[in-house]
Amino acid sequence: MSGELTKLKITAYSDEKFSEQVADGEFKTLLNPETYLLNYKVELNQTQAAGTSASAPRYNKSLPEDLSLDFLFDRTGVITDYNPSGEGGSNTFKDEGRGVNDDVDHFKKVVFDYNGEKHK
Numbered sequence: 000m001s002g003e004l005t006k007l008k009i010t011a012y013s014d015e016k017f018s019e020q021v022a023d024g025e026f027k028t029l030l031n032p033e034t035y036l037l038n039y040k041v042e043l044n045q046t047q048a049a050g051t052s053a054s055a056p057r058y059n060k061s062l063p064e065d066l067s068l069d070f071l072f073d074r075t076g077v078i079t080d081y082n083p084s085g086e087g088g089s090n091t092f093k094d095e096g097r098g099v100n101d102d103v104d105h106f107k108k109v110v111f112d113y114n115g116e117k118h119k
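Counted from 1, the sequence shown has number 35 at position 36 by numbering that gives the first Met the number 0; the numbering is strictly sequential.
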């Protein structure tokens, strides 16, 4: 690691091996998230046979993880070198259009749109 501070970048891929990046499938945050939370969940089997004393719960399965990020959408032009599509630049990224709605729409496109040949 170079020790360089970089901003959070979310990249969309069309395959499960993360080898084929989706065109226009990158979102860069304005600032790194102030907080993040990653929750892990485990489901235990609580059942016991009739007529037996209580037994220790046994592992059943791991549930999907939850990731929560708190980050800022802003188009005031106060922060420089920002482009949500991930393209760098030394200019101030000013509001041209629908304001933060464009950034939110781009974020949703990268994170939620389906970009593969098969749907599982």
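For every residue, glycine included, the Cβ atom is placed at its ideal position computed from N, Cα and C. Owing to the predicted nature of the structure, the values given are computational and were not obtained by experimental measurement.
When rounded, the separation of the alpha-carbon atoms in P56 and E64 is 21 Å.
Annotation for D104: the continuous alpha helix (DSSP H) segment containing it runs V99 to F111.
Contact annotation: Y58 and L43 have beta-carbon atoms nearer than 8 Å. Your pair K40 and L62 checks out as a contact, with CB atoms roughly 4 Å apart and the cut at 8 Å.
Counting the other CB atoms within 10 Å of its CB gives F111 a total below 16, which places it among the exposed residues.
Your pair L29 and D69 does not check out as a contact, with CB atoms roughly 12 Å apart and the cut at 8 Å. In the structure shown, S67 falls within a strand segment according to DSSP collapsed to helix, strand and coil.
T5 is not a Cβ neighbour of G24, given a cutoff of 8 Å. In the DSSP annotation of this structure, the continuous segment of the beta strand (DSSP E) that includes N38 starts and ends at T34 to N44.
Bounds of the beta strand (DSSP E) holding V21 are Q20 to K27.
The three-state reading of DSSP puts L62 in strand, counting E and B together. In this structure V109 is in contact with F26, their Cβ atoms being roughly 4 Å apart against a cut-off of 8 Å.
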